[in-house]
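Protein chains in written order, with the numbering used here: chain A, 1 to 114; chain B, 1001 to 1118.
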């Protein structure tokens, strides 16, 4: 069964600190992996997208890594800000025969305290 | 900021009422999607559309229906709302790509409609 598991479920850090969120997946065959940020009461916004051949991709203070061999990805946030408080969702796409599908994780709820 | 809009943002309604959730995008995207999301849970695809007059059911069975008469508009309708329909409904769109509707497209999400059925 194709799945996307994220950890931790929730995380509290102080402003200015770094943190790393994890995503493990069993989706096969793999097409790409995305990280989305979802603010409370809003729709998700794409942060990064990585294909099989990409190991790392940055978007400002966000850096995503991908290990396609172990089927793991991480999202590292540097120098956290209060505005980083949100749910971070890992989404994996497969290369199905007729329809590529998206598999969503449940997200990591990050809270940044001043 | 993506140009995709959803109305209403919040809706509280009684059981048995008919409701329509509106979704519009001004980006000219061919593909549009409806997701259902409960607190702390993953998004579940309930409907999608390749383009005008094209609609398909998603992974999660839903009693709702959709229509796509215009490219920019993808409304979702519940003929008779029930408490089990209480959830957040997210609309998204993406540019057209050949083959799979999902594979490399980035989906742009609306702000969502939080529906409560009493």
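Cβ atoms here follow ideal geometry from the backbone N, Cα and C, with glycine treated the same way.
Worksheet entry | Pairwise C-alpha distance: residue 1061 of chain B and residue 7 of chain A | If you number the first chain from 1, residue 7 of chain A lands on position 7. If you number the second chain from 1, residue 1061 of chain B lands on position 61. The straight-line gap from Cα to Cα measures roughly 28 Å.
Fill in: residue 98 of chain A burial status per 10 Å Cβ neighbour count (16 or more: buried)
As a first step, residue 98 of chain A must be located in the first chain, where it is residue number 98. Model confidence at residue 98 of chain A stands at a pLDDT of 48, short of 50, so the residue's coordinates are unreliable and nothing is read from them.
Discussion item. When you compare the CB positions of residue 44 of chain A and residue 82 of chain A, do they come within less than 8 Å of one another, or not?
Written reply: To locate residue 44 of chain A, count along the first chain from 1; it is residue 44. To locate residue 82 of chain A, count along the first chain from 1; it is residue 82. Not a contact, by the Cβ cut-off of 8 Å.
Item to complete: Could you tell me which uninterrupted beta strand (DSSP E) segments, each at least 3 residues in length, are contained entirely in the stretch 29-99 of chain A, listed from first to last along the chain?
Response: 30-38, 45-51, 56-59, 62-67, 72-77 and 86-94
Item to complete: Give me the Cβ distance between residue 104 of chain A and residue 27 of chain A, rounded to the nearest whole Å; I'm assuming they're in contact under 8 Å.
Response: Translated into the one-based positions of the first chain, residue 104 of chain A becomes position 104. Translated into the one-based positions of the first chain, residue 27 of chain A becomes position 27. Wrong, their Cβ atoms sit about 11 Å apart, outside the cutoff.
Worksheet item: Mind checking residue 1089 of chain B: buried by the 16 CB within 10 Å criterion, or exposed?
Response: Numbered from its first residue, the second chain carries residue 1089 of chain B at position 89. Counting Cβ neighbours within 10 Å, residue 1089 of chain B comes out buried, since at least 16 surround it.
Item to complete: Spell out a yes or no on whether the stretch 64-75 of chain A and the stretch 1006-1013 of chain B are touching, meaning 3 or more CB-CB pairs, one atom from each, closer than 8 Å.
Response: no
Practice prompt. In angstroms with no decimal places, state the Cα-to-Cα distance between residue 95 of chain A and residue 59 of chain A.
Written response: Residue numbering aside, residue 95 of chain A sits at position 95 when the first chain is read from its first letter. Residue numbering aside, residue 59 of chain A sits at position 59 when the first chain is read from its first letter. If you take the alpha carbons of residue 95 of chain A and residue 59 of chain A, they lie about 25 Å apart.
Worksheet entry | Residues of its chain near residue 63 of chain A, where Cβ-Cβ distance is below 6 Å and the 5 sequence neighbours each way are ignored | Taking the first residue of the first chain as position 1, residue 63 of chain A is located at position 63. If we look at residue 63 of chain A and ignore the five residues flanking it on each side, its Cβ neighbours are 76.
Worksheet entry | With 16 other Cβ atoms within 10 Å as the buried cut-off, status of residue 1070 of chain B | Here the question's residue 1070 of chain B lines up with position 70 in the second chain. Classification for residue 1070 of chain B: exposed.
Worksheet item: Taking the C-alpha atoms as reference points, what is the distance between residue 1007 of chain B and residue 1047 of chain B?
Response: Walking along the second chain from the start, residue 1007 of chain B turns up at place 7. Walking along the second chain from the start, residue 1047 of chain B turns up at place 47. One C-alpha to the other measures close to 17 Å.
Practice prompt. Name, going along the chain, the residues of the stretch 101-114 of chain A whose beta-carbon falls closer than 7 Å to a beta-carbon of chain B.
Written response: 101, 102, 104, 105 and 106
Worksheet item: Under 8 Å, do residue 111 of chain A and residue 85 of chain A count as touching if we go by C-beta distance?
Response: Taking the first chain and counting its residues from 1, the one referred to as residue 111 of chain A is at position 111. Taking the first chain and counting its residues from 1, the one referred to as residue 85 of chain A is at position 85. Yes, they are a contact pair.
Worksheet entry | Supposed contact pair residue 1051 of chain B and residue 1030 of chain B - C-beta distance, whole angstroms, cut 8 Å | The residue given as residue 1030 of chain B occupies position 30 in the second chain. The residue given as residue 1051 of chain B occupies position 51 in the second chain. Their Cβ separation, rounded to whole angstroms, is 5 Å, which keeps residue 1030 of chain B and residue 1051 of chain B in contact under 8 Å.
Worksheet item: Got a sec, what are the start and stop residues for the beta strand (DSSP E) residue 1092 of chain B sits in?
Response: Locating residue 1092 of chain B in the second chain gives position 92, where the first residue counts as 1. 1087-1094 is the extent of the beta strand (DSSP E) around residue 1092 of chain B.
Worksheet entry | Under 7 Å from the C-beta of residue 1042 of chain B: neighbouring residues of chain A | Within the second chain, the letter at position 42 stands for residue 1042 of chain B. Here the neighbours are 104, 105 and 106.
Worksheet entry | Residue from B/1118, B/1003, B/1078 and B/1085 whose Cα sits closest to the Cα of residue 1032 of chain B | Here residue 1032 of chain B is taken as the residue at index 32 of the second chain, counted from 1. Measuring from the Cα of residue 1032 of chain B, the nearest candidate turns out to be B/1003.
Worksheet entry | Beta-carbon contacts of residue 1075 of chain B that lie in its chain and below 8 Å, excluding the five residues immediately before and after | Residue numbering aside, residue 1075 of chain B sits at position 75 when the second chain is read from its first letter. Once the five neighbours on either side are set aside, the close Cβ partners of residue 1075 of chain B are 1020, 1021, 1022, 1023, 1066 and 1067.
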